[in-house]
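K.L.:
With numbering that gives the first Met the number 0, letter number 26 in the sequence shown gets 25, and the count goes up by one each step, no holes. A single structure is presented below for examination.
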Amino acid sequence: MKQRGRHRRRRRGAALRGVLAGTALALTAAATLISASQAQVAENPGALKPLTSRADTGPLRLQEHLVPAPALDRLAAGMGRPVGVDAVLRGADRGMREAGDCSSDDRASLPVAPAAGRAYCWDPADTAGAWRPASVTTSGDAAGDGLWGTRRVVLAGWTHRTGAGRPAERGLARVAFVDTDDPAHLAYRWVLLVVPTHGGRDYRPLTSGISGMVWYENKLLVTTRAGSADALYVYDLDRIQRTTVDGSAIGRVPGGWSADGYRYVLPAVGSYRFTSGRCAASGPPCPGALALDRGTAPDSLVAAEWTAPGGDRHTRLWRYAFSTDPARAGLLATDAAGRADAVEAYRTRTTGVRGVLSYRKAGADRPSWYVGRLPGSQDGHGGLWRQDTEGAQAARCGSDASHRCWARDAGSLSYWQETGEVWSLSDRMLFALPLAGLDRSLG
Numbered sequence: 000m001k002q003r004g005r006h007r008r009r010r011r012g013a014a015l016r017g018v019l020a021g022t023a024l025a026l027t028a029a030a031t032l033i034s035a036s037q038a039q040v041a042e043n044p045g046a047l048k049p050l051t052s053r054a055d056t057g058p059l060r061l062q063e064h065l066v067p068a069p070a071l072d073r074l075a076a077g078m079g080r081p082v083g084v085d086a087v088l089r090g091a092d093r094g095m096r097e098a099g100d101c102s103s104d105d106r107a108s109l110p111v112a113p114a115a116g117r118a119y120c121w122d123p124a125d126t127a128g129a130w131r132p133a134s135v136t137t138s139g140d141a142a143g144d145g146l147w148g149t150r151r152v153v154l155a156g157w158t159h160r161t162g163a164g165r166p167a168e169r170g171l172a173r174v175a176f177v178d179t180d181d182p183a184h185l186a187y188r189w190v191l192l193v194v195p196t197h198g199g200r201d202y203r204p205l206t207s208g209i210s211g212m213v214w215y216e217n218k219l220l221v222t223t224r225a226g227s228a229d230a231l232y233v234y235d236l237d238r239i240q241r242t243t244v245d246g247s248a249i250g251r252v253p254g255g256w257s258a259d260g261y262r263y264v265l266p267a268v269g270s271y272r273f274t275s276g277r278c279a280a281s282g283p284p285c286p287g288a289l290a291l292d293r294g295t296a297p298d299s300l301v302a303a304e305w306t307a308p309g310g311d312r313h314t315r316l317w318r319y320a321f322s323t324d325p326a327r328a329g330l331l332a333t334d335a336a337g338r339a340d341a342v343e344a345y346r347t348r349t350t351g352v353r354g355v356l357s358y359r360k361a362g363a364d365r366p367s368w369y370v371g372r373l374p375g376s377q378d379g380h381g382g383l384w385r386q387d388t389e390g391a392q393a394a395r396c397g398s399d400a401s402h403r404c405w406a407r408d409a410g411s412l413s414y415w416q417e418t419g420e421v422w423s424l425s426d427r428m429l430f431a432l433p434l435a436g437l438d439r440s441l442g
């Protein structure tokens with residue numbers, strides 16, 4: 000397995016970092032201000048309640064299941080030598096437009112407050128159908144210097160709605176590999192997520208929503224849809240495989256390997272399951288948003304429970320420690336039996352959380368937890384709150400001081416430590432804003 004240091008390169012000069020930081024876009028005027036008629040002002044979720052009893056933390060325990068190395072090697076032998084992120088980006092075949100060149104509907108999906116510092120819309124063909132983005136992570140998560148090899152990369156997870164479009168693609172999960180080296184000209188390419196079967200002699204599609212995603216070291220961890228036996232799937236970004244047949248099937252076919260027209264597939268190398276069973280109201284949570292926190296020792300995976308917006312079941316927030324064993328780069332810390340326990344957990348009085356972030360400011364004695372949530376109607380602009388064990392604050396906008404100021408159908412949150420930016424996405428756009436600006440908007 001490649002080590003973390005093999006993917007690092009010398010940081011670029013101050014000029015490039017200045018470009019990446021970006022200048023604020025005048026997007027607030029383009030966004031649609033939210034009126035009181037859209038929805039009732041969101042209820043303050045209040046202070047976080049620590050969960051410390053075994054009855055509360057026990058349902059969060061995970062069991063690790065790794066795909067045997069011979070199965071992964073058999074798949075690679077059949078498909079050909081795996082490729083890396085660079086190979087995918089060199090073949091980027093779709094471009095993104097800066098906010099000023101996007102449609103008014105695209106721009107209306109951006110946050111009202113705080114305003115995005117920079118934003119990009121996808122190729123119109125990708126947002127016209129039943130595919131929707133929900134999760135984001137970056138090479139700023141993967142490596143402390145923000146580089147993967149020599150590149151700066153954003154990964155965005157998309158899921159196909161099961162009730163629309165071609166039957167062959169319903170429920171599939173794919174990742175946009177976005178080259179952000181030139182902030183004015185972003186380009187991306189799709190990679191389909193799959194799971195090895197039959198001892199590596201074939202693969203099947205991952206038919207699940209991926210509402211959370213974290214790229215750490217050379218691993219990509221993604222959430223799965225409520226009701227799945229697996230809470231998280233793990234992918235190795237050094238094991239991207241090329242397909243050889245351009246057909247609608249997914250898996251091994253006469254003459255080679257197919258993935259419904261996708262040039263690349265990413266096979267899972269493992270998964271994590273709750274030891275107490277599938278998610279349920281009284282048991283394990285249904286995992287939703289994920290994020291990386293580099294402010295803990297060791298680094299940790301932050302997770303938020305998915306609960307229905309406006310429902311009676313309140314969300315749990317928790318974290319797992321990452322392993323410090325070089326032989327287990329990118330995997331969670333486990334005991335001798337392969338079990339990972341939550342090292343911190345809370346309950347919040349909110350619902351419908353689509354984004355979560357934990358960050359401790361210099362000198363602070365505790366981290367702040369940022370939660371982005373959907374409104375009770377499950378669509379439209381949601382709210383963004385900052386919480387800790389003492390209380391909660393939210394951005395407000397419009398003459399009625401509504402809390403519904405965040406992005407429309409907002410997705411997950413990812414903090415890029417080197418640039419100080421938070422990346423997120425709406426149902427139509429990818430955007431970033433300084434964490435300092437987000438804090439100012441929250442008072």
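Where a beta carbon is used, it is the ideal one built from N, C-alpha and C, also for glycine.
I think Thr350 touches Pro286, with their Cβ atoms under 8 Å apart; what is that distance to the nearest whole Å?
P.N.:
Rounded, the Cβ-Cβ distance is 15 Å, inconsistent with contact.
K.L.:
Across which residues does DSSP place Trp368 in a beta bridge pair?
P.N.:
Answer is Ser357 and Gln386.
K.L.:
Using three-state DSSP, classify His197 as helix, strand or coil.
P.N.:
In this structure, His197 counts as helix in the three-state DSSP scheme.
K.L.:
With DSSP run on the structure shown, which of helix, strand or coil describes Glu216?
P.N.:
It is coil, neither helix nor strand.
K.L.:
DSSP on Leu191, reduced to helix/strand/coil?
P.N.:
Three-state result, Leu191: strand.
K.L.:
Could you tell me which whole alpha helix (DSSP H) segments of length 4 or greater appear in the region 111-186?
P.N.:
Runs found: 123-126 and 138-141.
K.L.:
Helix, strand or coil for Thr206, going by three-state DSSP, please let me know.
P.N.:
Here Thr206 sits in strand by DSSP.
K.L.:
Quick one, which of Pro283, Arg169 and Ala307 has its alpha-carbon nearest Gln62's?
P.N.:
Nearest of Pro283, Arg169 and Ala307 to Gln62, Cα basis: Pro283.
K.L.:
Would you check if the region 231-245 and the region 262-271 touch, i.e. whether three or more CB-CB distances between them fall below 8 Å?
P.N.:
Result yes; three or more Cβ-Cβ pairs closer than 8 Å.
K.L.:
Are the CB atoms of Pro204 and Val66 within a distance shorter than 9 Å?
P.N.:
No, the Cβ-Cβ distance between Val66 and Pro204 is not below 9 Å.
K.L.:
Using only the alpha-carbon positions, how far apart do Ala172 and Gly208 sit?
P.N.:
Taking the straight line joining both Cα atoms gives about 7 Å.
K.L.:
Do Val213 and Trp147 come within 9 Å of each other at the CB atom, strictly closer than that value?
P.N.:
It is not a contact, given that the beta carbons lie outside the stated cut-off.
K.L.:
Quick check on Gly410: buried or exposed, where buried means 16 or more other Cβ atoms within 10 Å of its Cβ?
P.N.:
It counts as buried.
K.L.:
Please say whether Thr323 and Ala332 have beta carbons closer to each other than 9 Å?
P.N.:
Yes, the pair counts as a contact, with Cβ atoms nearer than the cut-off.
K.L.:
Any chance the region 414-432 sits against the region 139-146, with 3 or more Cβ pairs inside 8 Å?
P.N.:
Judged by Cβ distances under 8 Å, the region 414-432 makes contact with the region 139-146, as three or more pairs qualify.
K.L.:
Per the DSSP calculation, Met428 is bridged to which residue(s)?
P.N.:
Per DSSP, Cys120.
K.L.:
Would you kindly report the start and end of the unbroken beta strand (DSSP E) that includes Ala76?
P.N.:
Counting along the chain, Ala76 falls outside any beta strand (DSSP E), though it belongs to the alpha helix (DSSP H) covering Ala68 to Met78.
K.L.:
Below 7 Å CB to CB, which residues in the same chain sit around Asp55 once its five sequence neighbours on both sides are set aside?
P.N.:
So the qualifying residues of the chain are Ala344.
K.L.:
So Arg150 and Ser138 are supposed to be a Cβ contact under 8 Å. How far apart are they, rounded?
P.N.:
Right, the Cβ-Cβ distance comes to about 7 Å (below 8 Å), so this counts as a contact.
K.L.:
Please confirm whether Asp229 and Arg200 have their CB atoms less than 9 Å apart.
P.N.:
No, these two residues do not count as a Cβ contact at 9 Å.
K.L.:
Just verifying my parser: in three-state terms, what is the DSSP assignment at Ser270?
P.N.:
Ser270: strand per DSSP, three-state reduction.
K.L.:
Less than 9 Å separating the beta-carbons of Ile249 and Tyr202?
P.N.:
Result yes, Cβ atoms of Ile249 and Tyr202 sit closer than 9 Å.
K.L.:
Can you tell me the Cβ-Cβ gap for Trp368 and Asp387, rounded? I've got them flagged as a contact below 8 Å.
P.N.:
Going by Cβ atoms, the distance from Trp368 to Asp387 rounds to 7 Å, so yes, they are a contact pair.
K.L.:
Which residue's Cα is closest to the Cα of Gln392: Glu420, Leu356 and Asp438?
P.N.:
Of Glu420, Leu356 and Asp438, the residue nearest in Cα terms is Asp438.
K.L.:
Short of 8 Å in beta carbon distance, which residues of its chain neighbour Arg395, apart from the five on each side in sequence? Order them along the chain.
P.N.:
If we look at Arg395 and ignore the five residues flanking it on each side, its Cβ neighbours are Ala112, Ser401, His402 and Cys404.
K.L.:
Using only alpha-carbon positions, find the residue among Arg277, Gly382 and Asp125 that is nearest to Pro308.
P.N.:
Measuring from the Cα of Pro308, the nearest candidate turns out to be Gly382.
K.L.:
Could you name the residues of the same chain whose beta carbon sits closer than 7 Å to that of Asn43, not counting the 5 residues immediately before and after it, in chain order?
P.N.:
Cβ neighbours of Asn43 beyond the five flanking positions: Ala391.
K.L.:
With 16 other CB atoms within 10 Å as the buried threshold, where does Ser103 fall?
P.N.:
When all chains shown are included, Ser103 counts as exposed.
K.L.:
Based on Cα-Cα distance, which residue from Arg365, Leu192, Gly379 and Leu441 lies nearest to Leu47?
P.N.:
The option with the nearest alpha carbon to Leu47 is Arg365.
K.L.:
Could you name the residues of the same chain whose beta carbon sits closer than 6 Å to that of Gly436, not counting the 5 residues immediately before and after it, in chain order?
P.N.:
The answer, listed in chain order, is Pro113.
K.L.:
Quick one: Cα of Tyr187 to Cα of Gly128, how far?
P.N.:
Cα to Cα, Tyr187 sits roughly 18 Å from Gly128.
K.L.:
State the beta-bridge partners of Gly255 as determined by DSSP.
P.N.:
Per DSSP, Val252.
K.L.:
Indicate the three-state DSSP secondary structure (helix, strand or coil) for Thr222 in the structure shown.
P.N.:
Three-state DSSP puts Thr222 in a strand.
K.L.:
DSSP beta-bridge partners for Trp415?
P.N.:
Looking at the DSSP assignment, Trp415 forms a beta bridge with Glu420.
K.L.:
Buried or exposed: where does Pro132 fall if 16 or more other Cβ atoms within 10 Å of its Cβ makes it buried?
P.N.:
The residue in question, Pro132, is buried, as its Cβ has 16 or more Cβ neighbours within 10 Å.
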